[in-house]
Every structure is written in C-alpha cells, then in structure tokens.
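For reference, the structure is listed below as structure tokens.
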Amino acid sequence: MATVFKRTEMLVDVPQHYCPGCTHGIAHRLVAESLDELGVGGRSVGVAPVGCAVFAYNYFNCDMHEAAHGRAPAVATGIKRVLPDNIVFTYQGDGDLASIGTAEIVHAAARNENITVIFINNAIYGMTGGQMAPTTLPNQVTTTSPYGRDASHCGMPLKISEMLSTLDGTYYIERAALNTVKNIKNAKKAVKKAFQNQVENKGFSLVELLSTCPTNWGMTPIEALKWVDDNMIPYYPLGVYKDRGEGELK
C-alpha cells in the first residue's frame, strides 16, 4: 500500500511542550517539511530564540544554535558567512524579533543577508506571562494592559512585514496565517519559497506567520482561531509585501 502521509524526517519524534491549541507545532511542521522537500536538511542550521520556541533545538532534526534574546539574526549572519553552503534560518517570536531584536532584524534585512527568517506573531509575550508585545493590537487586553492597549500612551503596534519591505536590501517578505487549512497551505508555500530563495542565493527572506496563543488570550483553541480571522488579519493583512523576483510590492 502506498504511503500518503508520514512524519517528516526533519522533526524529532518527541512530545512538544507547547500549550494546547498553540500553532507553533504547525509552524514547526511547515519549516521541517520545506527543508525535507528541498533536500537540504543535512546542511541546515537553525537558530532558536528566547521565548516559547526556546526549546526548538529539541524538535528540529538538524543542527541548532541558541541565541541570546533577539540576537538570532546576528548569530545566523555569522553562521552563514562562515558556512555559506549551509541553509541557515532563524525561528523567532514577536517579543524576540520585534522588541529586543528590532535592530538585529532591520540591519540583517538591510544587508540582504542570505538567511531565512520565520517570524511568529501571536500579538503577545507568550512564555513570560502574557504581557503586551510590540505587536499587541490596539485595545487588546494583556496582563500589562488590563484595560486594553492604549495607543496614545503605548504607541501603535509594529507591522514588521510592511516595515522591512521598505528596505532596499530585502528580497522576499510575506505574511501568512496558521488558523485555517487554506491559510496553512498558503503558509507552507511561503515558507518553502523563502528557503528556496536561500538555496538560490537570492538574499534575505522573512515569512511572518500569524499564530494563536489561547492560554494568554484567555480563549479556547477554537475561539483563538476565530480571533485571528476577526482581529489579527484585518490589522495584519496577509500577502506578499516584497518579492524582488516578481517585482511585487504591496
């Protein structure tokens, strides 16, 4: 009988620590499948963040390097420059990439470093207790904004894909979501394309994935999936924001 579905060899067969309903596991699968399908798993190096995905090195079946909080793009730059034939990626949350790591991601993109960045945006600090993040929506309730994010006091959320797409150095930027089958399929295409760009030495690629955090949002997993549709996608529209190969800029 033909095999129609199996575990990708780029994921280690161990239980993951993520909360029920969290879509980090889906994101891991998309990254692992892409590396597997491109045949580059044996020469891939991932850089794990500080945050909910801090233990990513336990799950990906490739060489992994831990980085200080927010410094994954700098670490990935060093690895890629020393080992240019390796496929190097960072896997970062919004608190890691869009807060303490803002300078690192901006300058890596501006230099068009030939790395792939997987950016998980769940609009909150997940690991440390649900505090307001740079991506927290206006009026969104968190543990540090119990009355909702007040933009007049805290400023507006950072739109990372839009911001990085304005830099001349970036090659490919796309935002996708992990809340429906259709969106997950589109996310897989985006992630695989980002890695293919690196294989072809095209430069800096980032895929932003809108993700859920049922625990810190105070929702059931099903409610959280709907919240992405109703609240996150209207504020963070999906699509390609830059693709120098296609000449597209949204």
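Taking the numbering used here, I'd label the letters of the sequence shown as residues 86 to 335. Using N, Cα and C, we set each Cβ at its ideal position, and we do this for glycine too.
Going by DSSP, what residue range makes up the alpha helix (DSSP H) through residue i?
i, result
"residue 280", "266-284"
"residue 138", "No alpha helix (DSSP H) holds residue 138; DSSP gives it neither H nor E."
"residue 311", "306-312"
"residue 336", "This structure cannot settle anything about residue 336, because the visible part of the chain is limited to 86 through 335."
Within a Cβ cutoff of 6 Å, which residues of the same chain sit near residue i, ignoring the five residues on either side of it in sequence?
i, result
"residue 298", "207, 209 and 211"
"residue 271", "261"
"residue 186", "155"
"residue 85", "Given that the chain is displayed from residue 86 to residue 335, the structure contains no residue 85 and the question cannot be resolved."
For residue i, which of the options has the nearest alpha-carbon?
i, options, result
"residue 242", "158, 331, 224 and 170", "224"
"residue 285", "138, 201 and 109", "201"
"residue 234", "245, 216 and 322", "216"
"residue 119", "319, 305, 292 and 274", "274"
"residue 222", "100, 308, 302 and 99", "302"
"residue 238", "230, 244 and 169", "230"
"residue 171", "304, 124, 104 and 263", "124"
"residue 162", "130, 323 and 143", "130"
"residue 247", "106, 276 and 328", "328"
"residue 255", "198, 293 and 269", "198"
"residue 183", "195, 122, 142 and 249", "249"
DSSP three-state call for residue i: helix, strand or coil?
i, result
"residue 154", "coil"
"residue 203", "strand"
"residue 196", "coil"
"residue 315", "helix"
"residue 260", "strand"
"residue 123", "helix"
"residue 179", "helix"
"residue 245", "helix"
"residue 324", "strand"
"residue 188", "helix"
"residue 172", "strand"
"residue 300", "helix"
"residue 227", "strand"
"residue 115", "helix"
"residue 99", "coil"
Take residue i and list the residues in its own chain whose beta-carbon comes closer than 7 Å to its own, dropping the five residues that flank it on each side.
i, result
"residue 140", "102"
"residue 226", "233"
"residue 180", "136, 210 and 218"
"residue 236", "223"
Could you confirm whether any beta carbon from chain D is found closer than 8 Å to the beta carbon of residue i?
i, result
"residue 135", "Looking at the structure shown, chain D is missing, and only one protein chain is on hand."
Who are residue i's beta bridge partners in DSSP?
i, result
"residue 292", "203 and 259"
So, for residue i: in the same chain, excluding its five sequence neighbours on each side, which residues have a beta-carbon less than 8 Å away from its beta-carbon?
i, result
"residue 114", "93 and 96"
"residue 159", "152, 189 and 193"
In the DSSP assignment, find the unbroken beta strand (DSSP E) run with residue i in it and report its ends.
i, result
"residue 133", "129-133"
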